[in-house]
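Scroll down for the structure; my scribbles are underneath it.
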Amino acid sequence: MAQPAAVQTIAEKIMAAVGSEHLPAEAKELIQENLEAQILRRLGLIIIEHLDEEGLKAYEQLTAGGALPTAGEMQSFLEAYLPDYEEKVKAGMEEFMKEVAEIIQKSHAKS
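Take 1 as the starting number for the sequence shown in the UniProt record's numbering and just add one per residue.
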């Protein structure tokens with residue numbers, strides 16, 4: 001499934017930081033797909049965590065039926081219900097990247 005460019009970019013930065021160039025192509029692809037899925041989950045949690053009751057109801061309507069909103073719909077939603085979303089998402093992604101870095105450091109220490 002194609003992910004938004006921003007999600008792919010974050011995943012690529014993480015992959016580069018861990019030195020993934022030495023991995024086989026199949027392993028890199030699998031790791032990147034998993035990273036992108038984790039990033040999307042984290043983004044959803046960040047958004048939901050900061051919405052008020054009205055925003056949560058609007059989010060439920062936006063995602064009703066399991067359909068993913070378009071980038072434009074999501075942008076409009078965020079601007080209406082979470083005007084400072086860029087700051088919150090940035091902070092959340094920085095935290096996520098720190099967590100990934102810690103996991104990588106621990107795995108390198110075991111090697």
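Quick reminder that beta carbons are idealized off the backbone N, C-alpha and C, glycines included.
Identify which residue in the options has its Cα closest to the Cα of residue i.
i, options, result
"residue 113", "E21, G55, E94", "This structure cannot speak to residue 113, because the chain is shown only from 1 to 111."
"T9", "I39, E21, K106", "I39"
"G72", "A37, K110, A80", "A80"
"R42", "A109, E99, K110", "E99"
"P4", "A27, E33, A25", "E33"
Considering only their Cβ atoms, is the gap separating residue j from residue i smaller than 8 Å?
i, j, result
"A16", "L35", "no"
"I14", "M97", "yes"
"L68", "Y59", "no"
For residue i, which three-state DSSP category applies?
i, result
"M1", "With a pLDDT of only 48 at M1, under 50, the local geometry of the prediction cannot be trusted, and the value read off the model is given with reservation. DSSP places M1 in coil when its eight states are reduced to three."
"L56", "helix"
"T63", "coil"
"V100", "helix"
"G19", "coil"
"L82", "coil"
Under 8 Å by Cβ, that's how I've got residue i and residue j pegged, so tell me the actual separation to the nearest angstrom.
i, j, result
"K88", "I46", "6 Å"
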